[in-house]
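Numbering (the numbering used here), first residue to last: 1 to 122.
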């Protein structure tokens, strides 16, 4: 009987550790820091909850655009956006992690990936 109880408790404790982590809250206004070949950039990422998950905007010295396909799983997130440049349009994909009031990760574009960091300002 005792061995059966121990076995049952072990199984239950394993089941509890496999429970998916609740998604972090990405909503808010984030001031990003990105070191590019053209210098340091500090765009503003604004994310809010919507009926479908999250919506958002990204504002930099090149203007304001929509953050698309925003996904949050556990402590990680991703979104993409289209950028228009004189040499053509291209997609930028942000992937990162949320740590309380800070985020960090990489942004990928046709020329490669660079690191970014951010802090929630609101």
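Just so it is clear, CB atoms sit at the ideal spot from N, CA and C, and this is done for glycine as well.
- When secondary structure is reduced to three states using DSSP, residue 62 falls in the coil class, being assigned neither helix nor strand.
- In the three-state reduction of the DSSP assignment, residue 101 falls in the coil class, being assigned neither a helical nor a strand state.
- In the structure shown, residue 32 adopts extended strand secondary structure according to DSSP, grouped into three states.
- For the pair residue 72 and residue 80, the CB atoms are not nearer than the 8 Å cut-off.
- DSSP lists no bridge partner for residue 51.
- Going by DSSP, residue 23 is part of no beta strand (DSSP E) at all; its letter is neither H nor E.
- Burial is judged here by how many other beta carbons sit within 10 angstroms of a residue's own beta carbon; residue 90 has fewer than 16 and is exposed.
- In the same chain as residue 110, and ignoring 5 residues on each side of it, the C-beta atoms closer than 7 Å to its own belong to 90, in chain order.
- Non-local C-beta neighbours of residue 21 in its own chain, meaning closer than 6 Å and more than five positions away in sequence, comprise 74, ordered along the chain.
- Assignment of beta-bridge partners to residue 70 by DSSP yields no partner.
- Looking at the DSSP output, residue 109 sits in a beta bridge with 112.
- For residue 38, there is no enclosing beta strand (DSSP E), since its DSSP letter is neither H nor E.
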